[in-house]
Each structure stands twice: as structure tokens, then as C-alpha cells.
Amino acid sequence: MRAAFRFRLRLVLVGVLLLALLIFVRLYFVQIVHGSDYSLKADRQYVSSGSALFDRGSIYFTRKDGALVSAATLATGFVVAINPKLIRDPESTYQAIARVASSTDYDAFLKATRNTQAVYVEVAHHLSLAAGKTLAGEKVAGVTVLRERWRIYPGGDLAPQTIGTVGLSSDDNVLKGRTGIEARYDESLSRGGDGLYRNFFAELFAKIGNALVDARAAREGDVVTTLEPEVETRLVSDLAKVNATYSSKETAGIIMDPHTGAIIAIASYPTYDANDYSDQPIGVLTNPMVSHVYEFGSIMKPLTMASALDAGVVTPQTTYNDTGCITLDTSKICNYDHKARGVIPIQQILSQSLNIGAAYLAGQLGPDRFRSYFENLGFSDKTGIDLPAETSGLTNNLKSPRQIEYATAAFGQGIAITPLEMLKALGALANGGATVRPHIASAIKLDSGVTRTIDWSGANQVFSPESAREVSEMLTSVVDHNLSHGTLAIPSLSVAAKTGTAQLTDMNGGYYQDRYFHSFFGYFPSYAPRFIILLYTNDPQGVEYASETLTSTFMDLVHFLADYYDLPPDRAAVTAL
Numbered sequence: 000m001r002a003a004f005r006f007r008l009r010l011v012l013v014g015v016l017l018l019a020l021l022i023f024v025r026l027y028f029v030q031i032v033h034g035s036d037y038s039l040k041a042d043r044q045y046v047s048s049g050s051a052l053f054d055r056g057s058i059y060f061t062r063k064d065g066a067l068v069s070a071a072t073l074a075t076g077f078v079v080a081i082n083p084k085l086i087r088d089p090e091s092t093y094q095a096i097a098r099v100a101s102s103t104d105y106d107a108f109l110k111a112t113r114n115t116q117a118v119y120v121e122v123a124h125h126l127s128l129a130a131g132k133t134l135a136g137e138k139v140a141g142v143t144v145l146r147e148r149w150r151i152y153p154g155g156d157l158a159p160q161t162i163g164t165v166g167l168s169s170d171d172n173v174l175k176g177r178t179g180i181e182a183r184y185d186e187s188l189s190r191g192g193d194g195l196y197r198n199f200f201a202e203l204f205a206k207i208g209n210a211l212v213d214a215r216a217a218r219e220g221d222v223v224t225t226l227e228p229e230v231e232t233r234l235v236s237d238l239a240k241v242n243a244t245y246s247s248k249e250t251a252g253i254i255m256d257p258h259t260g261a262i263i264a265i266a267s268y269p270t271y272d273a274n275d276y277s278d279q280p281i282g283v284l285t286n287p288m289v290s291h292v293y294e295f296g297s298i299m300k301p302l303t304m305a306s307a308l309d310a311g312v313v314t315p316q317t318t319y320n321d322t323g324c325i326t327l328d329t330s331k332i333c334n335y336d337h338k339a340r341g342v343i344p345i346q347q348i349l350s351q352s353l354n355i356g357a358a359y360l361a362g363q364l365g366p367d368r369f370r371s372y373f374e375n376l377g378f379s380d381k382t383g384i385d386l387p388a389e390t391s392g393l394t395n396n397l398k399s400p401r402q403i404e405y406a407t408a409a410f411g412q413g414i415a416i417t418p419l420e421m422l423k424a425l426g427a428l429a430n431g432g433a434t435v436r437p438h439i440a441s442a443i444k445l446d447s448g449v450t451r452t453i454d455w456s457g458a459n460q461v462f463s464p465e466s467a468r469e470v471s472e473m474l475t476s477v478v479d480h481n482l483s484h485g486t487l488a489i490p491s492l493s494v495a496a497k498t499g500t501a502q503l504t505d506m507n508g509g510y511y512q513d514r515y516f517h518s519f520f521g522y523f524p525s526y527a528p529r530f531i532i533l534l535y536t537n538d539p540q541g542v543e544y545a546s547e548t549l550t551s552t553f554m555d556l557v558h559f560l561a562d563y564y565d566l567p568p569d570r571a572a573v574t575a576l
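Quick note: the sequence shown uses numbering that gives the first Met the number 0, first residue 0, plus one each step.
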């Protein structure tokens, strides 16, 4: 009898201890994790639930040393509200508010004071802490000063299309992520609006069966990106210079780790300051890296070369007869200068950027094998990058029975793909023949204190490592001997690169003879790459070839990254390349 009593007593004691533990953990989250939220929201205790204090997780850049730098966070200040029923002198009341909030609209304020059916109307936002305290100290009749928070982007114009925006939707009138990372990870960044006002014990007992912590902590947190702020700043600056120099419609670039798919920097111009884009056209919010498609031109040739080498239809020693122009399916295609080279090694297809050579490789592959390689590279699919509004390439020409479509696709015309698709495919050359998944976010720092790493594994082996290395050797030769006649080669660091110049399509489905899309890609060190870079500029004025517009920018970025990351030499310095 006594043994049974002691057993029941122990059960009760265990239950009490478990309950105490639950209360302790919950108090930790109330006082430590969400303590600042309670403090700030106490200032708004008389405000309706519809105007609850805004709360949202942060987004971070990641410096090369692993330190986090804020890309999106919250600013704290004051909102000014009036009770029209208590205002006796609208003019003097307005003057008191305008002294600390000069942007307060006079006409809108007077209209608000006439709305005597309301007891709470917000008339000024985003007051600094000093301004808010000054106005509150004046104790103006009918004026209430309350704490508020709003979204700010400390980086301003650093990757705004990628970091994204928050805004109100017309259908649900809820402030949430609308573009970029803000939208893609909205579930993690959003915070429950009423979570801090629930009855403490009711919430506690409701969650006993779920976990020792707030269930929201399992998903709510801050987003850590792979974007490096110094590299992003440099890329933004360089792209702006190119766009201004050539009056292009658009100039953009991406820097990625080819082995992991981590995007180190991504930018496009024109751009905007994420803190104030009210006067910008709506189109500038679109991220061209995932939403625009282009015919990329000759940077496609290394992929055609890798496909032919991998299939075994050519070797690095293969020669072919370059006739300058050929006719396929009644359509004539030519080298950029219409000149024949005669019997030459296939290295010259990349060194001299020969369209007839690329068409030769496509012919050796045949339509089915050519299509298979390009589809395996991902040209018909979205990359799966963690950004909204991604589109897939326009590659229907790869289903055509006509040989001309494969010949033109081999040198980057006739199929249009997104910059991210192009980068993903080219990354296979720098990663032993395997494509990886491009991505922006690396982890979620949960409110529970746990950091959840995002899994981006899933490489797809398209080419053999031997084929990828052979193309890397060819592209390194392009830089060492052909790019600006070899004057830009770095004696101690191998660089593999290729330019691309594509004709822009006209309104009739043909091509302009004097308007171009320029692209440039490369990776380094050539045989153990740390970075791959893709640059492009759309419709530059007064210049024909990408070697003129993007070469110096690419090489400047190579030098910057090599110095910034202190990359060691990968080959002995040579005096003649």
C-alpha cells in the first residue's frame, strides 16, 4: 500500500517538475528571446490590433571571415497619431507636429482633423527616437506618439532585386515579402501578429504536447545569405561604369563558387535603393537574372566543345576545314568576319571564336546527342534557385528536325536562356563536368537559437572530368594567347575565359545587323576554380564586340578577388605566354 502511494507521489513530483521546466523555458522565451518585443509593444497598448507593432526577421550578408552584416532589418522610431475629437486648434497642432516631422502633409492632416468619427488617425511615420521624444514631451492635446518599426536595407543599392521588398497586397492587405529573398523565405521571416498577446497559461498548456519551446521557433528566424558585401559592392560599382560608358539598356553580373553553387555577388543595372524606390518604374523590381532570357552568343561554344569531346566525336588534336560560310537547310551562316581559315585544329574554334567550327561540332554530335547534352545542362528547366519568379529558357529550336537550328544553338543564337541557367551550365566546366544548384541563402538562424543549414546538394554529372579539363586547357589558352593578344594574362594565376557577342533579334523575328548582346564568362584558377564570373551588357552603343566592353571589367574582378581572398599562385611565373 505504501509502495503504491510512494509511486503515485513520485509521478506527481515528476509532473510538477516537468511543468516547472515548461514554465521556465517559456519564461526564457518571453523575457529573453521576445523581451524587446514585449517592451516595445507595451507602448502601443491602447492601439487597435490592426496597427500592431511590425515585426520581421533579418536578412544577412556573409563576409569572407564568416561575420554577418545586415542586409535587411528593422528600424525603431515613432508614429504620430491624432484623436480628432480632442483637437481644438488644428493649425497649432499641425505646426507642433511639423517641427519634428517636416514631411507631414498639411492638407491630409487637416482632412484627418475633420474626421470626428475617428479616435485614432496616423499622420506621420518614421520619426527618429529624438524627434518622437521631443514631440511627446510637448504633451499636445489630441496627439499621441507611439513606438513603431519599419523595414530598412542598410546596403541600399546592394542586390536589391535579390534581397527583395516587403509590401501590402491588394487582396489580403498584409505586410509581407513580395520580391526576392523577402518573398522566397517569407514563412521564416514573418512573425505571428498576435503571438505576444495570447493568454500565457492557455498557450503554455496548449503546447505541452508539442515541444518545450514556442512552436513558431521551429520555422521563424533570420536568413543568412552567401552574398559577400565587399564583393557585392565592387560588382555593383563595375557594372554601373560599364552601363554608363556604353549607354546599355542593362548590364549585369554574377560571381559564384562553382563547386557549391553559392552566389557570392549578384547585381544588375539599372538598380535602385531598396529603402526608397517610390519613383522607380515597376520593372526595375524584376530580377533579370531569373526572369529575363537572352541569346548569349559565343560563350556557348565551350559547352558545345565539351559535349563533342565528351561524346568522343572529336579529340583535342582533331582538325577540320573551316570554309568561312556554310549553308544548312537553305540558310547561310558564317564566321563573324566571313573569312575561311582552312584546315585548322579545333582549339581555334575557341581561340578565334569561329561559328563554322561550332557548327562542325554540332554536326559531329548529331541532333539527338546535341539536344541531350544541352538538356542535361539544364537549358530546358529552371535552375531551382531560391528566388521567386524564375522562368525557364526558350529552347524549342532544340526539337527541330532542321540542322540549322542546332548549328546556330552551338554558337549561342536561336535559343534564349536566363543568366542563371547560363551560369549553372558553364559552372560544369569549372566543376569537373558537374552542374550544381545556384543559391542565395545558406542557413536559417531560428529564433530558438538553432541554426539550420540549408541543403543544396545534388550535383549532376554532365561531362567527364577529363572533358571538362580539356576545355579548361583550351579556355586558358584563349586568355594566355588570344584575349587582348595575351597582354592580360596573369603569369602566376591561370584564368579560363571566353567572350560572347550575339546579334539582337528585331521586331520581325530576324536579327539586327548593328545591335548586339555582349557576354563574358570565366573561372580561376583554371584547374581548381574558386570563382566563376558571368557578365553581360545588353545593346551597348557604339561598339560591336564583347572583348571591347567587358574584358577589362572581367580581368579587374579577377585581380580584385585574387587579392581580396589572398589566392595563392597556381603556376610558376613565366616571361612569355
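Virtual Cβ for every residue (Gly too), placed ideally from N, Cα, C.
Run of the alpha helix (DSSP H) containing residue i, from where it starts to where it stops
i	result
F373	P366 to N375
G179	G179 to R183
G426	P418 to A429
V289	P287 to S290
I384	Looking at the DSSP string, I384 is not in any alpha helix (DSSP H), and its letter there is neither H nor E.
E472	P464 to S476
L556	T550 to Y563
The beta strand (DSSP E) enclosing residue i, as first and last residue numbers
i	result
A512	Sequence check: residue 512 is Gln here, not Ala. Residues Y510 to F523.
A618	A question about residue 618 goes unanswered here, because the residues of the chain that appear run from 0 up to 576.
K248	Run containing K248: none; DSSP gives neither H nor E here.
A495	A495 to T504
A415	From DSSP, A415 is part of no beta strand (DSSP E); its letter is neither H nor E.
L109	Note, L109: premise wrong, no beta strand (DSSP E); alpha helix (DSSP H) at Y105 to T112.
A406	Where A406 is concerned, there is no enclosing beta strand (DSSP E), although the alpha helix (DSSP H) it sits in stretches over Q402 to A409.
A100	Where A100 is concerned, there is no enclosing beta strand (DSSP E), given that its DSSP letter is neither H nor E.
E583	This structure does not reach residue 583, given that the chain is present from 0 up to 576, and the question cannot be answered.
Of the residues the options, the one placed nearest residue i, counting alpha carbons only
i	options	result
A361	R451, N375, E547 and A305	A305
V122	A140, T115 and V144	V144
A527	K248, T232, R468 and P269	R468
K381	T450, F462, F369 and V292	V292
P524	P257, I86 and M288	P257
F378	K63, G392, R368 and S371	G392
K240	K138, D555 and Y563	D555
S491	L188, V449, D562 and I151	D562
K132	G141, A433, A140 and R146	R146
P315	M473, P418, D237 and L445	M473
V120	A458, V79, S127 and I151	V79
T259	G485, E547 and G431	G431
L560	L234, V435 and R401	L234
T303	P539, R514 and F373	F373
A71	L487, N114 and I151	I151
Residue(s) in a DSSP beta bridge with residue i
i	result
T224	A440
F530	F523
I86	Answer by DSSP bridge pairing: none, since I86 is not bridged.
I265	I253
T452	A442
K175	G166
R55	S189
Y535	A251 and S518
A433	Q460
L234	According to DSSP, L234 bridges with nothing at all.
L492	I489
T61	L67
L566	According to DSSP, which records beta bridges pairwise, L566 is partnered with nothing at all.
L482	Answer is none; L482 lacks a bridge partner.
L393	A415
In chain order, which continuous runs of the beta strand (DSSP E) of length 3 or greater are located wholly inside the region 133-165? Runs of the beta strand (DSSP E) lying entirely within the region 133-165 and spanning at least 3 residues, in chain order: 142-151.
Closer than 8 angstroms is the cut-off here; do at least three beta carbon pairs connect the region 318-334 with the region 353-371? The region 318-334 makes contact with the region 353-371: 3 or more CB pairs, one atom from each, lie closer than 8 angstroms.
Which parts of the region 276-361 are runs of the beta strand (DSSP E), unbroken and 3 residues or longer, counting only runs that do not cross its ends? Counting only runs of 3 or more, we get 318-321, 324-327, 330-333 and 341-344.
If contact is defined by three or more beta carbon pairs under 8 angstroms, each pair taking one atom from either stretch, is the region 531-545 in contact with the region 314-326? No: fewer than three Cβ pairs fall under 8 angstroms.
For the region 102-119 and the region 146-163, state whether three or more C-beta atom pairs, one from each stretch, are separated by less than 8 angstroms. Contact between the region 102-119 and the region 146-163 is absent, with fewer than three C-beta pairs closer than 8 angstroms.
Check whether the region 94-102 and the region 470-485 are in contact - that is, three or more C-beta pairs closer than 8 angstroms. In the pairwise beta carbon analysis, the region 94-102 is classified as not touching the region 470-485: fewer than three pairs are separated by under 8 angstroms.
Inter-stretch contact at 8 angstroms, needing at least 3 Cβ pairs: the region 450-458 / the region 417-424: By the Cβ test, the region 450-458 is not in contact with the region 417-424, since fewer than three Cβ pairs between them sit closer than 8 angstroms.
At a cut of 8 angstroms, does the region 339-347 reach the region 499-512 through at least three beta carbon pairs? Output reads no: the region 499-512 does not touch the region 339-347.
Determine, using beta-carbon pairs with one atom in the region 294-312 and one in the region 395-412, whether at least three such pairs fall under 8 angstroms. With the cut-off at 8 angstroms, the region 294-312 and the region 395-412 touch.
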